[in-house]
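*Asks:* Numbering (my numbering), first residue to last: 1 to 171. For each residue, glycine too, the CB sits at the ideal point set by N, CA and C.
#1: State the beta-bridge partners of residue 81 as determined by DSSP.
#2: Our contact map puts residue 169 next to residue 64 with C-beta atoms below 8 angstroms; I'd like the distance itself, whole angstroms only.
#3: For residue 146, collect the residues of the same chain with a Cβ closer than 6 angstroms to its Cβ; drop the 5 residues on either side in sequence, then sort them by chain order.
#4: Counting C-beta neighbours from all protein chains within 10 Å, is the total for residue 93 16 or more, i.e. buried, or is it exposed?
#5: Could you tell me whether the Cβ atoms of residue 164 and residue 37 are closer together than 7 angstroms?
#6: At what residues does the alpha helix (DSSP H) containing residue 133 begin and finish?
#7: Where residue 143 and residue 95 are concerned, what is the direct C-alpha to C-alpha distance, given to the nearest angstrom?
See below:
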């Protein structure tokens, strides 16, 4: 298609204006967070949930770790508090499945609810805006684990300030 020369500047102007107007309305994920959490609050959110789980289930904790995780693939804010609680394996996969089902029921009796919106290979429960995922026993992992995911509301943490994985002590 041949475009007359008089229309080229107009077409270029329209394309540039459209491209630039889109830049003004773009927001980062962090800009869309209402009622943000501080890094300390995002840590406390998952630590409190971890304490609740460990004390309710009387789990023998082998290891527990906390970290701040970005809620997007770019590693940009917002961030969330995230944890992993490792506990001993069961004698078999069948025994593990039975034990996890019993633990899930205990937590449901303690106020945790199913989280159908959280997609995982394990069992997901939520309470106080924290999701806990019970992973299935795995031959390549020496322990079973529970992963906890806080809310994506920490807009202060960045790639540079997120820190490293931190070992924590649970009761």
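*Replies:* Judging by the given coordinates:
#1: Residue pairing by DSSP places residue 81 opposite 68 in a beta bridge.
#2: Your pair residue 169 and residue 64 checks out as a contact, with CB atoms roughly 7 angstroms apart and the cut at 8 angstroms.
#3: Taking residue 146 as the centre and dropping the five residues before and after it, the same chain places the C-beta of 85, 132, 134 closer than 6 angstroms to its C-beta, in chain order.
#4: Around the beta carbon of residue 93, a 10 Å sphere encloses fewer than 16 other beta carbons of the protein chains shown; the residue is thus reported as exposed.
#5: If you check the CB distance, residue 164 and residue 37 do not come in under 7 angstroms.
#6: No alpha helix (DSSP H) holds residue 133; the beta strand (DSSP E) holding it covers 130 to 134.
#7: For residue 143 and residue 95, the distance between alpha carbons rounds to 14 angstroms.
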